[in-house]
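The structure appears right after this line, and notes come after that.
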Amino acid sequence: MKLLLSPLTLLISFYQKFISPAFAPRCKYYPSCSSYALTAIQSYGLKGVAMAAWRVMRCNPWSHGGVDYVRPKIKTEEKTITEQSLQSMKAAT
1 MKLLLSPLTL
11 LISFYQKFIS
21 PAFAPRCKYY
31 PSCSSYALTA
41 IQSYGLKGVA
51 MAAWRVMRCN
61 PWSHGGVDYV
71 RPKIKTEEKT
81 ITEQSLQSMK
91 AAT
């Protein structure tokens, strides 16, 4: 999966280093949309591409902007609550 997303991250990095400095800062959000996109893609993979696209669509002249970080991944336990409940009930009997 990372191999498929590498060209996209390289393209974003190229934009940040060579194209973006030629223009005044325009993004209404912090971090910039390109930084958000890199972080989202590196953290979430393909889902991060969708997150970045949604962020770019929200960054428009009518947006209030603000601080909008990529949410950290939440690690979930492998067992569901019902499985844990059943195991604790069996242990109690």
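Note that full-length UniProt numbering numbers the sequence shown so that position 38 is 38, with each residue one more than the last.
Yeah, the Cβ is synthetic: ideal placement off N, Cα and C, and Gly gets one too.
- The C-alpha of Pro-7 lies about 52 Å from the C-alpha of Ala-91.
- Within the DSSP bridge table, the entry for Gly-66 names Tyr-29 as partners.
- Segment contact: the segment 35-52 against the segment 17-24, fewer than three CB-CB distances shorter than 8 Å; contact not assigned.
- When the alpha-carbon of Gly-65 is set against those of Val-56, Lys-73, Leu-38, the nearest one is in Val-56.
- Rounded to whole angstroms, Met-51 and Pro-61 show a C-alpha spacing of 19 Å.
- Gly-48: member of the alpha helix (DSSP H) spanning 46-58, first to last residue.
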